[in-house]
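So that you can map any letter, position 69 of the sequence shown is 68 in numbering that gives the first Met the number 0, and since no number is skipped, the others follow by simple counting.
Ideal Cβ placement from N, Cα and C applies to all residues, glycine included.
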Amino acid sequence: MAFPEIKKNTLEKFEKIVEICKHLSVELNCFVMLGIPGISVEESMKTIEKLNNYNVRIRPTVYTPYYEMNSDMQLNELSKFNRQLLGKSFSYDEKLKLYNVIFGDVLKNTKVDKSLE
Numbered sequence: 000m001a002f003p004e005i006k007k008n009t010l011e012k013f014e015k016i017v018e019i020c021k022h023l024s025v026e027l028n029c030f031v032m033l034g035i036p037g038i039s040v041e042e043s044m045k046t047i048e049k050l051n052n053y054n055v056r057i058r059p060t061v062y063t064p065y066y067e068m069n070s071d072m073q074l075n076e077l078s079k080f081n082r083q084l085l086g087k088s089f090s091y092d093e094k095l096k097l098y099n100v101i102f103g104d105v106l107k108n109t110k111v112d113k114s115l116e
């Protein structure tokens, strides 16, 4: 998947944005989409680690393939398109890592944690 030209920002451009926001006392929110097909959990975690170095607010969200929805779906089928649920293509450990990014360690040893398997 090729990104549009406008999304091909260099590190230097990002650092300039960080600098401008700090100078203007503007909180910089960085939206990180987790679960994009073709992007590994490790790559997502590296992105978040890099962003942490800039002291920005990280706003994780889950990739949702809305193009798979259709008008014939039942409510239980549509409920799978919740932007906070990772798809079946992830292992239990991968889901736990990504959900911990979104929700913190609050899922550990809970009923929700057990349902990820």
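Original post:
Span of the alpha helix (DSSP H) holding residue 46?
Top reply: 40 to 51
Original post:
When DSSP labels each residue in this structure, what does residue 25 get in the three-state scheme?
Top reply: coil
Subject >> Reduced DSSP category for residue 85 - H, G, I as helix; E, B as strand; rest coil >> reply: coil
Original post:
The alpha helix (DSSP H) spanning residue 100 covers which residue range?
Top reply: 91 to 102
Original post:
Can you tell which of 56, 19, 41 has its C-alpha closest to the C-alpha of residue 89?
Top reply: 41
**OP:** Following the continuous beta strand (DSSP E) through residue 57, name the residue where it begins and the one where it ends.
**Re:** 56 to 61
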